[in-house]
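Worksheet: the structure to be examined is printed underneath.
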Amino acid sequence: MLVPLIKNKIPFIDVRAPNEFLVGAVPTSINLPILSNDERIEVGKIYKENGNLAAMEKGYSLVSGKIKNKRISNWIQFVENNPTAQVYCARGGQRSKIAQSWLKEIGVDIDIVEGGFKALRNTCLDILDSASRDNKEWIIIAGKTGSGKTKMIQQINNSIDLEGLANHRGSAFGSFETPQPTPINFENNLAYQYLSISSSKIFFEDESKTIGRVVIPEKFFDKMTSSKLVLIEEPIENRIQNIYDEYVKKGIKNNDQTELSKTLLRKLEKISKRLGGTNFKIVDNLIRSAFENNDKEIHFEWIKQLLVNYYDKMYSYQLNQKKDRCIKSGDWAEVKQYILSSA
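Structural data, given as structure tokens:
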């Protein structure tokens, strides 16, 4: 059973090649490969042409002398800093066994993850699958755009910030400069987070099935869409201020104003058809004017236009489909107090 390794957040040495690691790993792992990308390709080619023994001989010849010593040194340093560390490769086969034997030769013992990354990956998928059937109570925090849902999620201990895991704020304007995780990493991180919560209640933000380019697992999402929800109802003025602070004020702090303006206009273009030609032109002109004049009030106006003519209409329709699941509604402070008193 690998669940205890995940629950206890055991650190892992992932000895797969960097290209394999980039596709997906577990959040407590570090990539200290036994073979580089090029070395792995070379060994794999010989394996196909001449079999396992010839491939192993090639691997030993490629990783010898100073190269071998450097890689072993990296493993030792990690084990010294993480005494409970274990090692894995793709399936718990030759690469992890060779790494284990090289360490043992110099007096360092390390366990191998049976089944390797594939087994850890399947365990994470099993955790997400069983989560949809366990007896924890899931509560969804809902509210119109800008109502402070993510802020509330981040202030509750027994919650999972799906947008944080996805590195995306969940709307057409929600991408960050840094890339989103791979689908495998998103799911593995979600499994780790879920297993770390011991409370009988878990809070999630109301999300679409896709957050940017990552997808919430089907059964997990199905449980979210059937769970009870609490509804934050904030005045539009507060919501406009929240969006300004998050997307404009913080954006100006981290970026050149011209670049931020271009980014917002580019993202606006993505919803132009759904927004409609007239509304699109109005918002486009307001964004340009707001940045050209450095005018906060004009920023407020384009945000209001987007809320009234796009986001609120869309969310009101969606919320109407969920109203029978609502167990509490109120402003941000009231909903937070309700959550804290019932958590």
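Its first residue numbered 72, the sequence shown is counted upward by one per residue in the working numbering. The beta-carbon is built from N, C-alpha and C at its ideal position, and this holds for glycine as well.
- Collapsing the DSSP output to three states places Ser144 in a helix.
- Scanning its chain for C-beta atoms nearer than 7 Å, with the 5 sequence neighbours on each side dropped, one finds around Gly219 the residues Ile303, Glu305, Asn313 and Trp403, in chain order.
- Per DSSP, Val301 is one residue of the beta strand (DSSP E) stretching across Lys299 to Ile303.
- DSSP places Tyr159 in the uninterrupted beta strand (DSSP E) bounded by Gln157 to Tyr159.
- Counting along the chain, the unbroken beta strand (DSSP E) around Ala213 starts and ends at Glu208 to Gly214.
- Distance from the CA atom of Lys78 to the CA atom of Tyr263, rounded to whole angstroms, is 7 Å.
- The C-alpha of Lys139 is placed about 21 Å away from the C-alpha of Tyr118.
- For a cut-off of 8 Å, the C-beta gap from Glu234 to Glu276 is around 7 Å, short enough to register as a contact.
- Residue burial is scored here from C-beta neighbours: Gln171 has at least 16 other C-beta atoms within 10 angstroms and is therefore classed as buried.
- The residue from Thr99, Ile84 and Ser100 with its alpha-carbon nearest to that of Arg166 is Ile84.
- Residues Ile147 and Val150 of the same chain have their beta carbon placed closer than 7 Å to that of Val179, with the five preceding and five following residues left out of the count.
- The stretch 284-340 is shown to contain whole beta strand (DSSP E) runs of 3 or more residues at 299-303, in chain order.
- Within the stretch 75-161, the complete alpha helix (DSSP H) runs of at least 4 residues fall at 89-94, 108-121, 123-133 and 136-152.
- For Glu185, there is no enclosing alpha helix (DSSP H), as DSSP marks it with neither H nor E.
- In this structure Phe274 is in contact with Ile224, their Cβ atoms being roughly 6 Å apart against a cut-off of 8 Å.
- DSSP, read as helix, strand or coil, puts Gly348 in helix.
- Around the beta carbon of Val379, a 10 Å sphere encloses fewer than 16 other beta carbons of the protein chains shown; the residue is thus reported as exposed.
- Checking the DSSP bridge columns, you'll see Lys399 partnered with Val301.
- Residue burial annotation: Thr329 is exposed, with fewer than 16 other C-beta atoms found within 10 angstroms of its C-beta.
- The three-state secondary structure of Ile227, taken from DSSP, is coil.
- By the criterion of at least three beta-carbon pairs nearer than 8 Å, the stretch 198-212 is in contact with the stretch 282-302.
- Residue burial annotation: Lys407 is buried, with at least 16 other C-beta atoms found within 10 angstroms of its C-beta.
- Looking at the backbone, the Cα of Ser267 and that of Leu196 are separated by about 15 Å.
- Here Ile143 is buried: its Cβ has 16 or more other Cβ atoms, across all protein chains shown, within 10 Å.
- Selection Leu124, Thr249, Ser413 and Leu73 evaluated against Gln157 yields Leu73 as nearest (Cα-Cα).
- Around the Cβ of Ser201, a 10 Å sphere holds fewer than 16 other Cβ atoms; the residue is exposed.
- Secondary structure at Lys220: helix, using DSSP grouped into helix, strand and coil.
- Annotated three-state conformation of Thr194 is helix, per DSSP.
- Scanning Lys116, Leu76, Lys324 and Ile105 for the CA closest to the CA of Val97 turns up Leu76.
- DSSP places Glu276 in the strand class (E or B) of the three-state scheme.
- DSSP, reduced to helix, strand and coil, places Ile353 within a helical segment of the structure shown.
- Contact check between the stretch 126-134 and the stretch 103-117: three or more CB pairs, one atom from each, fall below 8 Å, which counts as touching.
- When the five nearest sequence neighbours on each side are left out, the beta carbons in the same chain lying within less than 6 Å of the beta carbon of Lys80 are those of Thr99, in order along the chain.
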